[in-house]
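First residue of the sequence shown: 475, per this note's numbering; consecutive thereafter.
First the structure, in the form of structure tokens, and then the observations on it.
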Amino acid sequence: MFAKFFLIIVILLFLSTTTIESINGASNGDHHQCNEKRKINIDRTVSKILAFGENGRTFPENDKQLRSFCRDTNDMTAKVETYFKECSVKSQQDFANVFIYSLKHVVRTLCRKRRSKKVTQFLKVAPCLNQFIFDDRCIAGFSNQSKPLIVAKIGNKKLEHVCCNYAAAMTCVDDWIMERPCSRDYRELLNDYVRGVFDNMITVICGDNNGDSDKCDHIMNKKLPKMTAIQAERLNVNPFNSFMFIMMDIFDSLENV
């Protein structure tokens with residue numbers, strides 16, 4: 475009963491938001507429209523902020539590039555923040571705010587006027603990272619493992635899988651760093667950078683219990699139920715692949731259990 479009531483409220487909020495945004499969009503252009511085209515653009519923007527992958531960008535290698543990197547990151551973060559204020563229900567806004575807070579914190583660390591030792595190290599390792607900027611195996615691995623959870627009929631056990639997928643992704647990141655002589659000496663810096671972006675959001679879901687290797691081995695050995703043709707089609711037409719949207723879609727799917 476509660477789930478149905480919650481779903482009705484969400485639908486009403488969505489319809490009212492869409493109506494308001496359609497009116498605003500008619501007078502203000504695409505920027506204020508809450509449609510799939512804009513959502514896809516935000517999905518790609520989130521991926522670009524994270525840098526790695528085909529939708530990514532290069533890391534700054536000097537002060538001039540750093541200023542541009544910081545400016546672009548602030549602009550993109552504001553764009554994402556505006557989208558969720560204009561186009562999402564409160565639960566999605568709250569979730570996005572955790573991610574945006576983390577991004578802002580990372581940017582503040584890199585973009586202070588007075589250069590810190592950490593920033594100097596980051597600029598030194600950037601040429602190494604930029605050589606392998608399209609090697610997004612860890613982020614892609616998390617996405618590929620987690621996206622099927624959107625349609626999986628396993629209830630709240632989806633969250634256990636998310637936590638273990640994240641633990642596997644962080645192990646992947648550490649392995650990625652240690653594989654390359656040019657990044658190996660910056661292991662702590664780079665792990666802190668990645669965790670600075672993602673850890674707060676994962677803590678909201680998993681608390682302090684993510685990464686238990688024995689528990690995760692047991693969970694990951696259990697295969698997800700085979701998808702029906704309808705579920706597979708639904709997943710195939712879902713164009714959203716960024717960490718943030720996959721997480722939101724998984725959470726939204728819990729209401730339909």
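Where a beta carbon is used, it is the ideal one built from N, C-alpha and C, also for glycine.
Please read these numbers as outputs of a predicted model, since none were measured by experiment.
Let's see if you can read the secondary structure: which residues bound the alpha helix (DSSP H) around C544?
D537 to C561
For R699, I'd like the list of residues in its chain whose CB is within less than 8 Å of its CB, leaving aside the five on either flank, ordered along the chain.
This sequence places Pro at residue 699; Arg is not what is there. Excluding sequence neighbours, P699 sits near A626, K627 and I628.
Quick one: is N502 buried, meaning 16 or more other Cβ sit within 10 Å of its Cβ, or exposed?
In this predicted model, N502 has a pLDDT of only 41, less than 50, meaning its place in the structure is not dependable; the value taken from the coordinates is given anyway. By the neighbour-count rule (16 or more Cβ atoms within 10 Å), N502 is not buried but exposed.
Under 8 Å, with one C-beta from each stretch per pair, do the segment 631-649 and the segment 554-563 reach the 3-pair mark?
no
Looking only at its chain, what residues have a beta carbon closer than 8 Å to the beta carbon of C656, apart from the 5 residues adjacent to it on each side?
V599, P601, C602 and Q605
Taking the continuous alpha helix (DSSP H) assigned at V678, which residues delimit it?
R661 to C680
For L663 and A703, what's the separation of their Cα atoms in angstroms?
44 Å
Any idea if N715 is buried or exposed, counting beta-carbon neighbours within 10 angstroms, 16 or more meaning buried?
buried
Rank N630, I624, R589 and F616 by C-alpha distance to the C-alpha of A642 and give the top, closest one.
F616
With DSSP collapsed to three states, give me the class of V625.
coil
For T551, I'd like the list of residues in its chain whose CB is within less than 8 Å of its CB, leaving aside the five on either flank, ordered along the chain.
I523, I574, L577, K578 and V581
Segment limits, alpha helix (DSSP H) that includes G527:
No alpha helix (DSSP H) holds G527; DSSP gives it neither H nor E.
I'd like to know whether the C-beta atoms of F608 and E535 end up nearer to each other than 8 Å.
no
Taking all protein chains shown into account, do 16 or more other C-beta atoms lie within 10 angstroms of the C-beta of T547, making it buried, or fewer, making it exposed?
buried
Status (buried if at least 16 other CB within 10 Å, exposed otherwise) for I724:
buried
Cβ pair V678, V647 closer than 8 Å
no
Give the DSSP-derived three-state secondary structure of T702 in the structure shown.
coil
Where the alpha helix (DSSP H) through Q605 begins and ends
K591 to Q605
So what's A500 in DSSP terms, helix, strand or just coil?
Reliability fails at A500, whose pLDDT of 37 lies under 50, so the model's placement of it is uncertain and the value that follows must be treated cautiously. Helix.
By the DSSP assignment, the alpha helix (DSSP H) with N509 in it spans what residues?
Element bounds for N509: n/a, residue is neither H nor E.
Starting from N759, follow the alpha helix (DSSP H) in both directions and report where the run begins and ends.
Summary: the structure shown does not reach residue 759, with the chain confined to residues 475 through 731, and so no result is reported for it.
Please list the terminal residues of the continuous alpha helix (DSSP H) segment that includes V612.
With the sequence shown as reference, residue 612 is identified as Cys, and Val is not the correct amino acid for it. R611 to S620 is the extent of the alpha helix (DSSP H) around C612.
What does the Cβ neighbour count give for K538, buried or exposed, with the cut at 16 atoms within 10 Å?
exposed
Identify, in the order they occur along the chain, each residue of the same chain with its Cβ nearer than 6 Å to the Cβ of M718, setting aside the five sequence neighbours on each side.
V520 and F573
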